[in-house]
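Enquirer: Chains as they are written, first to last, in the working numbering: chain P, 1 to 114; chain X, 1001 to 1115.
All residues carry an ideal CB built from backbone N, CA and C; glycine is no exception.
Since the model is a prediction, treat every value here as computed from it, not as a measurement.
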Amino acid sequence: EAQVTQNPRYLITVTGKKLTVTCSQNMNHEYMSWYRQDPGLGLRQIYYSMNVEVTDKGDVPEGYKVSRKEKRNFPLILESPSPNQTSLYFCASSSTGKSYTEAFFGQGTRLTVV
Amino acid sequence: AQSVTQLDSQVPVFEEAPVELRCNYSSSVSVYLFWYVQYPNQGLQLLLKYLSGSTLVESINGFEAEFNKSQTSFHLRKPSVHISDTAEYFCAVIPVSYNTDKLIFGTGTRLQVFP
Chain P
1 EAQVTQNPRY
11 LITVTGKKLT
21 VTCSQNMNHE
31 YMSWYRQDPG
41 LGLRQIYYSM
51 NVEVTDKGDV
61 PEGYKVSRKE
71 KRNFPLILES
81 PSPNQTSLYF
91 CASSSTGKSY
101 TEAFFGQGTR
111 LTVV
Chain X
1001 AQSVTQLDSQ
1011 VPVFEEAPVE
1021 LRCNYSSSVS
1031 VYLFWYVQYP
1041 NQGLQLLLKY
1051 LSGSTLVESI
1061 NGFEAEFNKS
1071 QTSFHLRKPS
1081 VHISDTAEYF
1091 CAVIPVSYNT
1101 DKLIFGTGTR
1111 LQVFP
């Protein structure tokens, strides 16, 4: 079954304690990205990756890091989380260019930073 | 730059009534258009999409949307809603000519269906 898997689904942490949210896809997609969802703002892109070792900033990258060492994995790293990073996070993957059909999303990670 | 406007943040409707969720976009280049649905405590699921061809697209659960290039709209409609359609609906676009799969989302419309 084609899927994007995020872990954990829920996370409560304290300010400044480094954390990683994992994302894995089994569709051999080149493009992967992270979004955050906030009430009244919709989804905004944090970072994206066009392929292995190729990453770039999205619209709201401050306070986040990513890496793409393998095609299937795209972890989101918060080196020093702050309360304003409390949000619902989604990972997505898709094929690129002329073979594009749709983006597949993970189930989401609800992060609370206290 | 592209932007997506969903004019209604909430749409309350009674079961079996028709509904329309509005979506307008702004773009200087051609776009692909999407509607995603988010059921409570779940991730986003693709509802329907327009990539090319017929401007009227349909989903398996009775929703349809029509791409209107002159009005830059992609409104979502259903002639008779069910309680199970209660969810948040997001309209999104991707610019066709750019070398990116970045989805640009609207702010969402919460559809609440009452018995």
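Can you tell which of N1068(X), N1041(X), L1056(X) has the C-alpha that lies nearest to the C-alpha of L1048(X)?
Expert: L1056(X)
Enquirer: Which chain P residues are close to D1008(X), counting only those with a beta carbon under 8 Å from its beta carbon?
Expert: Chain P residues near D1008(X): none, gap ~13 Å exceeds 8 Å.
Enquirer: Could you pull the start and end residues of the beta strand (DSSP E) that P1012(X) belongs to?
Expert: Its beta strand (DSSP E) spans residues 1010-1014.
Enquirer: Cβ atoms of Q1010(X) and T1109(X): under 9 Å apart, would you say?
Expert: yes
Enquirer: So, is F90(P) buried or exposed, given that buried needs 16 or more other C-beta atoms within 10 angstroms?
Expert: buried
Enquirer: Kindly list the residues whose CB is nearer than 6 Å to the CB of R135(P), restricted to its own chain and excluding five residues on each side of it in sequence; keep chain order.
Expert: Nothing about residue 135(P) can be reported from this structure: the residues present for chain P run from 1 to 114 only.
Enquirer: Who are the Cβ neighbours of D136(P) in its own chain at under 7 Å, not counting the five residues just before and after it?
Expert: For residue 136(P) there is no data in the structure shown, the boundaries of chain P being 1 and 114.
Enquirer: Tell me which residue opens and which closes the beta strand (DSSP E) that Y1050(X) is part of.
Expert: 1044-1050
Enquirer: State the start and end residues of the unbroken beta strand (DSSP E) segment that holds Q1038(X).
Expert: 1031-1038
Enquirer: Locate the beta strand (DSSP E) running through G42(P), then write down its first and last residues.
Expert: From DSSP, the beta strand (DSSP E) with G42(P) extends over 42-51.
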